[in-house]
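Residue numbers (the numbering used here), protein chains in the order written: chain A, 5 to 394; chain B, 5 to 394.
Some notes on the structure that comes next.
2 protein chains.
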Amino acid sequence: MSRTNDVTSIFLAAGQDPDLINLAGGLPEPSVWPVAELADLAAEVVRDHPGETLGYGPIPGLPALRDLIAARFSTPETQLSRDNVLITTAGMQALELTGKVLLEPGGVIAAQSPAYLGALDAWIPHEPRYRPMKPGSNDYDPFAALDGAQFGYTVPNFSNPSGRLVTLAERRELVAAAHATGTWLIEDDPYGVLYYDGTPLPRMLHLSGAENPGPYDGPIIYMGSLSKELTPGLRIGWVIAAPEMIAAMAAAKQGSDMCTAGLSQMLALRAFQRRIPERILPKMLETYRARRDALCDAMRDHLADHLDWQVPAGGMFVWATARDARLDTDALLPRALEHGVCISPSSVFDPEGRDRRSLRINFTLNAPDKLQEGARRLARAIRALLEETP
Amino acid sequence: MSRTNDVTSIFLAAGQDPDLINLAGGLPEPSVWPVAELADLAAEVVRDHPGETLGYGPIPGLPALRDLIAARFSTPETQLSRDNVLITTAGMQALELTGKVLLEPGGVIAAQSPAYLGALDAWIPHEPRYRPMKPGSNDYDPFAALDGAQFGYTVPNFSNPSGRLVTLAERRELVAAAHATGTWLIEDDPYGVLYYDGTPLPRMLHLSGAENPGPYDGPIIYMGSLSKELTPGLRIGWVIAAPEMIAAMAAAKQGSDMCTAGLSQMLALRAFQRRIPERILPKMLETYRARRDALCDAMRDHLADHLDWQVPAGGMFVWATARDARLDTDALLPRALEHGVCISPSSVFDPEGRDRRSLRINFTLNAPDKLQEGARRLARAIRALLEETP
């Protein structure tokens, strides 16, 4: 716990410095938010629905919002109803509840590696052990990884932190492994709409649903969130899963926060009904695509001698790995802060804290000129570190 | 876990029946909410503060709201700053976080007995053992109870479910025991403003602060919430405690939901600044006092042969105990539902589920005529049960 929170403290302290270029977090660009429309909607839902917005709500979420999410994610083969949907206090709570429901103390999680820091945080209280899954690597075997694990954890679309897209073949293999082993498999999908290149790949939820067409009762626990599609501050997420899993997570949610804020839920419902996420998506994609390109261009100009990376096809991050084994990214973080730029070192995404060779760079929060300057500062910090490293 | 959730399922199913008189929950009367004013404020805070309302916020809460809570609860002897305050996703999350921070598996909680069902729920994952504390009973010894416990848990103002007011002498004794043993002591205070008779007693937070005047660093973990003072649907609560405890709970909150909804926090801030809680309090007290009196009058008319109770000086509940040992309140619940009234049996408030002699009756949700009819129905259900019990 201390490792993670030390880094968070460094990030928070760094956030106080207005001259710092923050490439560490996963923050959105606020100018894409439809503020005036959301302000009007907020007043409307309080005025017209005081019971739903201001009163206690049902533990699993407002029925109308659960129905809408069920309809939104249903396909002819994967039929979803309200009973397949839990509304959560953003994606983080979905991860926490999975831990409460599924994790025995010291149990095993088969996790895509490197893994989302927030998920590692959410499961710390259960002191789990991790089996790393690295799709694309030589010794990757999803059946062996999932067999006997308490659950599997993946972020197929632009994994945090690696930015990697899990391929269609790898998705099919993971789904087959979950069905064959009977192990629950989390499909955490905060970045599912953020495709800058190419056509979105099918969700594992739907690949799993196609195995047994009809009402969904399979092993995928799908997690979505409004945080990237609309705004994070409403703290609205959802889980789509077999009804028995939804019922168990709702029982656990009762002891976490009883119910998610009704005002946020009603705003989310109205925003979906008015297709606000669809309306703001083109501008968001255009903005983020240009920023990804600006960051990667600047990295080619300033960082190609020191780092290797792949241009991500979506999401919020570039994952870069040091060419020189002397470049320890834990040691780089304080040096980068001295040079006025903040990045996330790989150790925080490794359950065992051992990977000190890579770093995660965010491109959604800053304008292109800031990203260029950030890359320049990072290059200076790397040179300074290497010069003093024997 | 199954026991608690069975009862919740019964309550939820009962809530579907419009003819049922629900005396089971702890719901407020919505007509006291200033809906139009809150609707206007909701639009205003989104429009004027999109970053705070729609973006990610700091884990421990918006600084301005933490400052306001600190000022609101400071006294000359108990000086509070932002570092003494954590904003939580309603009171339930405060309880959950305490469990995460303080409870070792199987650890001991010294809890006022009977105890709030939600607190028992929040701590289930840690499988704690309970030492019951019954202020006013012969063998009550707060020093012995707190000594070696991981924390103590009390609801001094109109305890849920007992409606009991912990006396000033008992508060002093509890605070002295916490200071002497070094054991953290939770003062859970959702009903602190709901005094219908008499003058509010001092909070244990302030009794503790008076022991060592200055910046607060003592063993009381005070929990407050907007749920009763304003509305529950915003899901806003707060913890006031020593800075080290606030820091530990904020670290735990990171893995629970990252931050509380910004829109709810900004609405809470504006509501406090405009003194909305103070403005609606007189009407709320008048409404609830009249309902308490109506329920207790009806109980005297219809239930005095079967139940003993004390008229509570505040809060939301009357706690009644069966005169006849054959009156098992677990068995009464289904019989009451058949007669069109719902109550909470005492077993759900007993960590060991053994107390089947009492019941909790809510008086805040229903108008006086409904409370009278509810008491009549309950009397019929009790007679029916006793007639068939040997």
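C-beta: ideal position from N, C-alpha, C; glycine also.
Only a predicted model underlies this, so the values are computations on that prediction, with no experimental measurement involved.
Just so you know, the alpha carbons of S35(B) and A98(B) end up roughly 27 Å apart. Here the alpha carbons of R304(B) and I347(B) stand approximately 17 Å from one another.
Secondary structure at L211(B): helix, using DSSP grouped into helix, strand and coil. Burial state of P204(A) is exposed, judged by a 10 Å Cβ sphere holding fewer than 16 other Cβ atoms. Residues of the region 47 to 77 of chain A whose Cβ lies closer than 9 Å to any Cβ of chain B, in chain order: A47, E48, V49, V50, R51, D52, P54, G55, E56, T57, L58, G59, Y60, G61, P62 and I63. Between G61(B) and G95(A), the C-beta gap is not smaller than 8 Å, which leaves the two residues out of contact. Taken in chain order, the unbroken stretches of alpha helix (DSSP H) that lie wholly in the region 330 to 357 of chain B and span 4 residues or more are 333 to 342. Straight-line measurement puts the Cα of P355(B) at about 19 Å from the Cα of F15(B). Note that the C-beta distance between L45(A) and L42(B) is not below 8 Å. For S348(B), not one C-beta of chain A is nearer than 8 Å to its own C-beta. Sorting V50(A), S350(A) and S163(A) by C-alpha distance to the C-alpha of R274(A) places V50(A) at the top.
If the five residues before and after W323(A) are omitted, its C-beta is found closer than 7 Å to the C-beta atoms of P165, S166, G167, W313, S362 and R364, all from its own chain and listed in chain order. The beta carbons of G156(B) and P132(B) sit no closer together than 8 Å. Annotation for F162(A): no alpha helix (DSSP H) segment contains it, and DSSP assigns it neither H nor E.
Within 8 Å of the CB of I128(A), the CB atoms of chain B belong to G259, in sequence order along the chain. Checking the DSSP bridge columns, you'll see S35(B) has no partner listed. DSSP places E191(B) in the uninterrupted beta strand (DSSP E) bounded by L189 to D192.
Contact annotation: the region 176 to 190 of chain B touches the region 142 to 156 of chain B, with at least three C-beta pairs closer than 8 Å.
At a cut-off of 8 Å between beta carbons, Q154(A) makes no contact with chain B. Of R175(B), H183(B) and P223(B), the smallest CA-CA separation from P206(B) is found for R175(B). By the 16-neighbour rule on beta-carbons within 10 angstroms, P54(A) is buried. One finds P109 in chain B with Cβ atoms closer than 9 Å to the Cβ of P109(A), taken in chain order.
Taking CB atoms only, V39(B) has a neighbour in chain A less than 8 Å away. Taking one beta carbon from each stretch, the region 19 to 38 of chain A and the region 271 to 290 of chain A have 3 or more pairs nearer than 8 Å; the two touch. The three-state secondary structure of I63(B), taken from DSSP, is coil. Beta-bridge partners of V105(A) (DSSP): none assigned. Within the same chain, and ignoring the five residues on either side of V315(A) in sequence, the residues whose Cβ sits closer than 6 Å to its Cβ are C300. Beta-bridge partners of W127(B) (DSSP): none assigned.
When L27(A), A47(A) and G65(A) are compared, the shortest CA-CA separation from A251(A) is found for G65(A). Proximity of P204(A) to chain B, defined by a Cβ-Cβ separation below 8 Å, is not satisfied. Sequence-distant Cβ neighbours of R327(A) in its own chain, meaning closer than 7 Å and more than five residues away, are H310, L311 and D312.
Look at the region 263 to 278 of chain B: the residues with a C-beta under 8 Å from a C-beta of chain A are C263, T264, A265, G266, L267, S268 and L271. When C-alpha distances from D71(A) are compared across G344(A), E342(A), G319(A) and A272(A), the shortest belongs to A272(A). With its beta carbon at least 8 Å from every one in chain A, D192(B) lies outside the interface. Secondary structure note for Y199(A): it is in no alpha helix (DSSP H), with a DSSP letter that is neither H nor E. Three or more Cβ pairs closer than 8 Å define a contact, and the region 110 to 124 of chain B falls short of that threshold against the region 255 to 273 of chain B.
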